[in-house]
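Residue numbers (our numbering): 281 to 635.
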Ligand code: NAD
């Protein structure tokens, strides 16, 4: 039977990488279910939107009736749930949307999935999967140098974003334990790569540098993140939904721990090589680095132990940080149209013709 995968948040950064991967590398039918918030960009799907196997539904995951309609029409064999409010700074300024989408939305989606799955007959019922995509930020932060987050690490979220994601993880596990819904959970470290919305660290620094603007680094830039190239994450997710064991959690990470300041410095070095013609008044890109007041509650270090998914599903990242960040900087240099339309807001016009 051809897999029919419903991806929530498929117009976002990671969701669009998953949709592109599924269309380009598998025979699956793919439905992208997305509300198209400011973070949803249909132009990130331009390479695959023409496929007869790609379907799009503009739906809010908080709207249970609309979810029922999409399930009845598309008849998914699996759900990959990525729709979320995802930006930590926004969660500090305005947490309500995070509670609504990440917690109430996940609850609403779980209930819609349960209604749909309960009515399925075998063998479809037995092979159905609900895969919830989450973050390593649910574990809080690390202070020593030795420990890593494992699947057994206790939850200790710090920000409204990570607390709302932690809540959604708990809901998903409870729906498996209580109702038998066949769920899987993955917790991944920081992603970077093409089609990343410019408010996030890596694209923000690349685009500010190209414009000759300041490169704002929180605090002293010593916070450590474990970076994973987004296409490696997408491959991992597709492995988990296809072959992961029901009820299991898999940590996903690249073993690429870098201090934030180091990441910004590496971007500056790459830009010196790949974009040597600088904006007026800029001698070296790194001269644009500026230290700004730290984010409240800023986590010190994240680092993930991904040995379980490597051992059980044979997934390994293909990109090192050096190769992935070089590809990413080059992608932003080659795809000015995509990010200029994000910066001007024109990308939002694409949604007028959608759904
Ligand atoms: P993103 O902000 O780029 O995309 C989120 C998508 O969800 C957007 O297309 C948006 O329109 C959609 N959306 C938001 N609210 C919605 C709603 N109520 N109904 C339907 N659609 C809605 O996020 P991302 O970086 O691609 O992250 C995707 C998932 O992966 C999130 O669940 C996030 O917590 C998780 N994650 C992200 C990272 C990372 O580094 N970016 C790391 C680990 C896990």
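Heads up, the beta-carbon is just placed ideally off N, CA and C, and yes, glycines get one too. Keep in mind it's a predicted model, so treat the numbers as computed, not measured.
Near residue i, what residues of its chain come up, given a Cβ to Cβ distance below 8 Å and the 5 sequence neighbours on each side ignored?
{"i": "residue 634", "result": "Note on residue 634: pLDDT 47, under 50, position unreliable in the model; no value is reported."}
{"i": "residue 369", "result": "479, 575"}
Are residue i and residue j close, meaning C-beta to C-beta below 9 Å?
{"i": "residue 511", "j": "residue 593", "result": "no"}
{"i": "residue 492", "j": "residue 568", "result": "yes"}
{"i": "residue 622", "j": "residue 547", "result": "no"}
{"i": "residue 497", "j": "residue 379", "result": "no"}
{"i": "residue 288", "j": "residue 360", "result": "yes"}
{"i": "residue 305", "j": "residue 290", "result": "no"}
{"i": "residue 536", "j": "residue 508", "result": "yes"}
{"i": "residue 437", "j": "residue 418", "result": "yes"}
Taking C-alpha atoms, which residue in the options lies nearest to residue i?
{"i": "residue 461", "options": "483, 478, 400", "result": "400"}
{"i": "residue 300", "options": "320, 288, 329", "result": "329"}
{"i": "residue 595", "options": "411, 352, 521", "result": "521"}
{"i": "residue 410", "options": "627, 398, 488", "result": "398"}
{"i": "residue 499", "options": "472, 541, 486", "result": "541"}
{"i": "residue 531", "options": "525, 414, 319, 354", "result": "414"}
{"i": "residue 580", "options": "416, 589, 603", "result": "416"}
Would you report the Cα separation of residue i and residue j, rounded to the nearest angstrom?
{"i": "residue 576", "j": "residue 470", "result": "19 Å"}
{"i": "residue 453", "j": "residue 463", "result": "7 Å"}
{"i": "residue 539", "j": "residue 626", "result": "34 Å"}
{"i": "residue 420", "j": "residue 340", "result": "28 Å"}
{"i": "residue 529", "j": "residue 467", "result": "8 Å"}
{"i": "residue 543", "j": "residue 603", "result": "13 Å"}
{"i": "residue 525", "j": "residue 455", "result": "16 Å"}
Between which residues of its own chain and residue i is the CB-CB distance below 6 Å, once the five residues before and five after are set aside?
{"i": "residue 505", "result": "470, 582"}
{"i": "residue 273", "result": "As shown, the chain starts at 281 and ends at 635. That puts residue 273 outside it, with no answer to give."}
Which residues in the same chain have their Cβ closer than 7 Å to the Cβ of residue i, if we skip the five residues on either side of it in sequence?
{"i": "residue 407", "result": "357"}
Do we get a CB-CB distance below 9 Å when we pair residue i with the residues of chain C?
{"i": "residue 627", "result": "In the displayed structure, chain C is absent; only one protein chain is listed."}
Which full runs of the beta strand (DSSP E) of 3+ residues lie inside the stretch 332-384, going along the chain? 334-338, 358-361
Which complete alpha helix (DSSP H) runs does the stretch 431-472 hold, if anything under 4 residues is left out? 440-459
Those runs of the beta strand (DSSP E) which lie wholly inside the stretch 531-608 and span at least 3 residues: Those beta strand (DSSP E) runs which fall completely within the stretch 531-608 and span 3+ residues are 537-539, 569-572.
Quick one: which unbroken beta strand (DSSP E) runs of 3-plus residues sit fully inside the stretch 395-426? Chain order, please. 409-415
At 3 residues or longer, and completely inside the stretch 283-316: list those beta strand (DSSP E) runs for me, N to C. The beta strand (DSSP E) runs lying completely inside the stretch 283-316 and spanning 3 residues or more are 284-288, 309-314, given in chain order.
Of all the alpha helix (DSSP H) runs that stay within the bounds of the stretch 479-528, which reach a length of 4 or more residues? 481-490, 510-523
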